[in-house]
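Undergrad: Can you read through this structure? Questions will come right after.
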Amino acid sequence: MVSFTRVAASAAHAAASSKAMRILALDYGRRHIGVAISDELGVTAQPLAALERKNRREDLRRLREVVKKNQAGLIIVGLPLHLSGKRGEMAAEAEQFAARVQKELGLPVVMRDERLTTWEAEEMAKESRSAKSADLDSLAAAILLREYLDEERAREKSDRPIDT
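With this note's numbering as the guide, the letters of the sequence shown map in order to residues 32 to 195.
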């Protein structure tokens with residue numbers, strides 16, 4: 032089952048962190064899958080080349096290669112919610128995709144709200160004058176991953192005991 036809870040996400044991140052594994056983020060779309068990867072320490076998020084969608088089998092084969100090449104131990108999949116927070120057709124597709132990825136690749140998969148990541152990617156692209164759709168998808172995946180990593184670092188800080 033794909034994880035949707037903060038507790039499960041934190042546990043998966045802790046497991047990945049203890050082994051110094053990278054985290055892969057995916058921005059699911061009907062034409063492209065945006066891809067980003069963290070560094071081994073879970074500090075930075077870098078966009079990778081987006082995958083042009085072919086078919087389920089080929090998409091999963093190429094994702095398996097990306098996971099293996101980058102030694103990813105956890106996968107974050109963007110959950111495209113409406114601004115109101117409601118799930119729509121694309122959210123259902125992304126959830127099915129995440130379940131398939133988890134089953135086929137055998138890694139923990141965490142769904143994460145991706146509202147406004149595409150908008151932020153578009154704003155960043157305007158500033159750098161880069162606007163290819165596939166690049167935007169991977170930039171959105173990097174933003175999704177950066178937000179996840181920032182929240183995990185903040186959570187870890189708040190969980191630390193205060194020295195006396």
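Here a beta-carbon is modelled for each residue, glycine too, at the ideal position from N, C-alpha and C.
Name the two residues that bound the continuous alpha helix (DSSP H) containing R84.
TA: First-last for R84: undefined, no H or E at that position.
Undergrad: Secondary structure at M142, three-state DSSP: helix, strand or coil?
TA: Looking at M142 - three-state DSSP - the assignment turns out to be strand.
Undergrad: Pull the bridge partners of S63 from the DSSP assignment, please.
TA: For the sequence presented, residue 63 should be read as His rather than Ser. Bridge partners of H63: E83.
Undergrad: Contact defined as beta carbons within less than 8 Å: I believe L180 pairs with A76. What is the distance between those atoms, to the nearest angstrom?
TA: At roughly 6 Å, the Cβ-Cβ gap stays under 8 Å, so L180 and A76 are in contact.
Undergrad: G109 and D70 - do their beta-carbons sit closer together than 9 Å?
TA: No. Outside cutoff.
Undergrad: For P78 and V98, I'd like the C-alpha separation in whole angstroms.
TA: The alpha-carbon atoms of P78 and V98 are separated by roughly 14 Å.
Undergrad: Among G104, L94 and E151, which has the Cα closest to the Cα of R131?
TA: The shortest C-alpha separation from R131 is found at L94.
Undergrad: Measure the C-alpha to C-alpha separation of G119 and A67 and round it to an integer number of angstroms.
TA: So the two alpha carbons sit approximately 24 Å from each other.
Undergrad: Starting from the Cα of L170, find the closest Cα among E182, E183, Q102 and E154 and give me that residue.
TA: Of E182, E183, Q102 and E154, the residue nearest in Cα terms is E154.
Undergrad: On a Cα-Cα basis, can you pick out the residue from L136, E83 and D58 that is closest to L112?
TA: Among L136, E83 and D58, the Cα nearest to that of L112 is on D58.
Undergrad: With which residues is D58 paired in a DSSP beta bridge?
TA: Per DSSP, G65.
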